[in-house]
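Peer 1:
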Amino acid sequence: MRINKPIVNYKDWKTKVIIGYVLIIALFCVATTWILFVTVPQAMEEMNRSESSVASQVEKDATANAESALQGEDAEQLSASANSVVGGGTYTVQAEDMARDQGNSLASIQVFGFGLLLAVLLIAALLSYWSYSAALNSVERTERALASFMANSSHEMKTPVASIKLLSESIVIAANRGQVDYVKEFAHRIEQASGHLEKLVHDMLSITRTTAPLKVKTIEKESLLGGARCNVLSVLQEALSVQESIAENKGLLLQTSFAKNIENVTVGLSELDFLTIVNNLVGNAIAYTDKGSVTVEAKYAKDSFTLRVSDTGCGISRSEQDRVFERFYRVESTRAAYAQGTG
């Protein structure tokens, strides 16, 4: 279990959102300014110019026709002039139509401006909702990752803490009996268990060194990244030296069967991760075995390392074996008999 780099960089994320809002507001201001101070005045000016042109033309035609009528020409000419004057009403109607068209254009511009305003507000609302959702999801991911990390760490701490407690009691007994060699051996095992505990605490303390959301990498993912490697035999010996004390305290026999060719075998895991795996497997075997023995086998063949842990305990029913790798899952039949533990 490791802490990876932050999922979200809050500073960069906030900067991008602020820049986006500023650009949207700037675009809205430019568009509104263009409509109010350029497009609308141009439309009004064009409408006034058209009305003036039509009115001037009507006035000229009416004046010309009136002058012709007053020159005393014949009746036909006078009638034609009168008709021309009356025809000036056509120009008036045309002027009214043009004014109406200009008014419609102005209304269209106003509707367009109002629609643009609504569009900008809608985009701003959508961006606000998106930013809120992103922030909320980020917080939820952080909480889940943190809860998972703390649960895993607490679960993994149980083994070294229990070992230190039992070994300390054994040291007191051995010291009272004057068994110096046992005292040295138990002290060495306490040192190993303390080292494991120190690594776990170091991982937990690393949380305080970042304020961003945390991503917890699983062991499976880390092994695929080609990171650190560890020697399987040394880790097995370290883990079993601690587990042996727990087994002895329960009156169990902890047996090992290691192939000779695993001495130089390494796996693509850190020592802490592989130690966690071994402690979980062997620790659970000891916890769910009341009497008998626990056997740990290790072999290497065809570029494949196999670790096998068997015991004489209650076992797992076939119907529940598919759930073995669920986090903190415990078989129903064992919960009452073995109340402690999270899985």
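Numbers in the working numbering are just positions in the sequence shown, counted from 1, shifted up by 643. Cβ atoms here follow ideal geometry from the backbone N, Cα and C, with glycine treated the same way. Quick caveat, the model's predicted, so the values are computed rather than measured.
1. Just to confirm before moving on: does the CB-CB distance between S936 and Q880 stay below 7 Å?
2. Under three-state DSSP, which class holds K942?
3. Check N907 in the structure and name its three-state DSSP category.
4. Are there 16 or more other CB atoms within 10 angstroms of the CB of Q964, so buried, or fewer, so exposed?
5. How big is the Cα-Cα spacing for R966 and Y825?
6. Relative to the C-alpha of L591, which candidate in F671, I814, V815, A830 has its C-alpha closest?
7. Give me the Cα-Cα distance between T932 and C957, rounded to the nearest whole angstrom.
8. From C873 to V952, what distance separates their C-alpha atoms?
9. Can you tell me where the beta strand (DSSP E) holding L896 begins and where it ends?
10. Alpha carbons only, please: which of T785, N904, A767 is nearest the one belonging to D998?
11. Any idea what DSSP makes of S953, helix, strand or coil?
12. One question on the structure: do A882 and N922 come within less than 7 Å of each other, judged by their Cβ atoms?
13. Write down the C-beta distance between S811 and I833 rounded to the nearest angstrom, noting that I regard them as a contact closer than 8 Å.
14. Near T802, which residues of its chain fall below 6 Å by C-beta distance, leaving aside the five closest residues on each side in sequence?
15. Under a three-way DSSP split, which group does S936 fall into?
16. Short of 6 Å in beta carbon distance, which residues of its chain neighbour F901, apart from the five on each side in sequence? Order them along the chain.
17. What's the gap between the Cα of N819 and the Cα of S813?
18. Do you know whose CA, among Q685, L918, A778, S774, lies nearest M800's CA?
19. Which of helix, strand or coil does DSSP assign to S947?
20. Rounded to whole angstroms, what is the Cα-Cα separation between L912 and L950?
21. Please classify A790 as buried or exposed, where buried requires at least 16 neighbouring CB atoms within 10 angstroms.
22. Report all residues from its chain with a CB closer than 8 Å to the CB of K934; omit the five preceding and five following residues, and keep chain order.
23. Considering only residues of the same chain and omitting the five flanking positions on each side of V908, which have a CB-CB separation below 8 Å?
24. Report buried or exposed for H831, applying the criterion of at least 16 other Cβ atoms within 10 angstroms of its Cβ.
25. According to the neighbour-count rule (16 or more other Cβ atoms, all chains shown, within 10 Å of its Cβ), is Q835 buried or exposed?
26. Taking the C-alpha atoms as reference points, what is the distance between V815 and V939?
27. Give me the Cα-Cα distance between E914 and Y772, rounded to the nearest whole angstrom.
28. On the criterion of 16 or more Cβ atoms from any shown chain inside 10 Å, does Q685 qualify as buried, or is it exposed?
29. I want to check one thing, is the minimum distance from the CB of A794 to the heavy atoms of the ligand FAD below 6 Å?
30. Can you round the beta-carbon distance between I667 and A767 to whole angstroms, since I take them to be within the 8 Å contact cut?
31. Between the beta-carbon of S884 and the beta-carbon of L809, is there less than 7 Å?
Peer 2: This is what the structure gives:
1. Residue numbering aside, residue 936 sits at position 293 when the sequence shown is read from its first letter. Residue numbering aside, residue 880 sits at position 237 when the sequence shown is read from its first letter. Their beta carbons are not under 7 Å apart, which means S936 does not touch Q880 by this criterion.
2. Taking the sequence shown and counting its residues from 1, one reaches residue 942 at position 299. Assigned with DSSP and collapsed to three states, K942 falls in strand.
3. The residue given as residue 907 occupies position 264 in the sequence shown. In the structure shown, N907 sits in coil (DSSP, three-state: anything other than H, G, I, E or B).
4. On the sequence shown, residue 964 is found 321 positions in, with the first residue counted as 1. Result: exposed.
5. Taking the first residue of the sequence shown as position 1, residue 966 is located at position 323. Taking the first residue of the sequence shown as position 1, residue 825 is located at position 182. Approximately 41 Å between the Cα atoms of the pair.
6. The question about residue 591 has no answer here: the residues shown for the chain are numbered 644 through 986.
7. Within the sequence shown, the letter at position 289 stands for residue 932. Within the sequence shown, the letter at position 314 stands for residue 957. C-alpha separation (whole angstroms): 7 Å.
8. The count along the sequence shown starts at 1 and reaches residue 873 at position 230. The count along the sequence shown starts at 1 and reaches residue 952 at position 309. In a straight line, the C-alpha of C873 is about 20 Å away from that of V952.
9. By one-based count along the sequence shown, residue 896 stands at place 253. 896-901 is the extent of the beta strand (DSSP E) around L896.
10. Nothing about residue 998 can be read from this structure; the chain reaches only from 644 to 986.
11. For the purposes of this step, residue 953 is identified with residue 310 of the sequence shown, where counting begins at 1. In this structure, S953 counts as strand in the three-state DSSP scheme.
12. Counting from 1 along the sequence shown, the entry for residue 882 is found at position 239. Counting from 1 along the sequence shown, the entry for residue 922 is found at position 279. Result yes, Cβ atoms of A882 and N922 sit closer than 7 Å.
13. Locating residue 811 in the sequence shown gives position 168, counting from the first residue. Locating residue 833 in the sequence shown gives position 190, counting from the first residue. That pair is a contact at about 7 Å.
14. Against the sequence shown, residue 802 aligns to sequence position 159. Only N922, G926 meet the Cβ criterion.
15. If you number the sequence shown from 1, residue 936 lands on position 293. Strand.
16. Locating residue 901 in the sequence shown gives position 258, where the first residue counts as 1. Within the same chain, F901 has close Cβ partners A941.
17. On the sequence shown, residue 819 is found 176 positions in, with the first residue counted as 1. On the sequence shown, residue 813 is found 170 positions in, with the first residue counted as 1. Roughly 10 Å between the two C-alpha positions.
18. Residue 800 sits at position 157 when you count from the first residue of the sequence shown. Residue L918 is the option with its Cα nearest to M800.
19. Locating residue 947 in the sequence shown gives position 304, counting from the first residue. Strand at S947.
20. Start at 1 with the first residue of the sequence shown, and residue 912 comes out as number 269. Start at 1 with the first residue of the sequence shown, and residue 950 comes out as number 307. Spanning the two alpha carbons is a distance of roughly 14 Å.
21. Position 147 of the sequence shown, counted from the start, is the residue given in the question as residue 790. By the neighbour-count rule (16 or more Cβ atoms within 10 Å), A790 is not buried but exposed.
22. One-based indexing of the sequence shown puts residue 934 at position 291. Taken in chain order, the residues that qualify are G894, L895, T955.
23. On the sequence shown, position 265 is the one that residue 908 refers to. N874, V875, L876, Y943, F948, listed in sequence order.
24. Locating residue 831 in the sequence shown gives position 188, where the first residue counts as 1. Burial call: exposed.
25. As a position in the sequence shown, residue 835 is number 192, starting the count at 1. Buried, because 16 or more other Cβ atoms sit within 10 Å of the Cβ of Q835.
26. The count along the sequence shown starts at 1 and reaches residue 815 at position 172. The count along the sequence shown starts at 1 and reaches residue 939 at position 296. Cα-Cα distance, rounded: 29 Å.
27. Taking the sequence shown and counting its residues from 1, the one referred to as residue 914 is at position 271. Taking the sequence shown and counting its residues from 1, the one referred to as residue 772 is at position 129. E914 and Y772: Cα-Cα distance of roughly 45 Å.
28. For this step, residue 685 is matched to residue 42 along the sequence shown. Q685 is exposed by the Cβ-count criterion.
29. Absent from the structure shown: the ligand FAD. Ligands present: none.
30. Your numbering for residue 667 matches position 24 in the sequence shown. Your numbering for residue 767 matches position 124 in the sequence shown. Confirmed, Cβ separation roughly 6 Å.
31. As a first step, residue 884 must be located in the sequence shown, where it is residue number 241. As a first step, residue 809 must be located in the sequence shown, where it is residue number 166. Cβ distance not < 7 Å, so S884 and L809 don't count as in contact.
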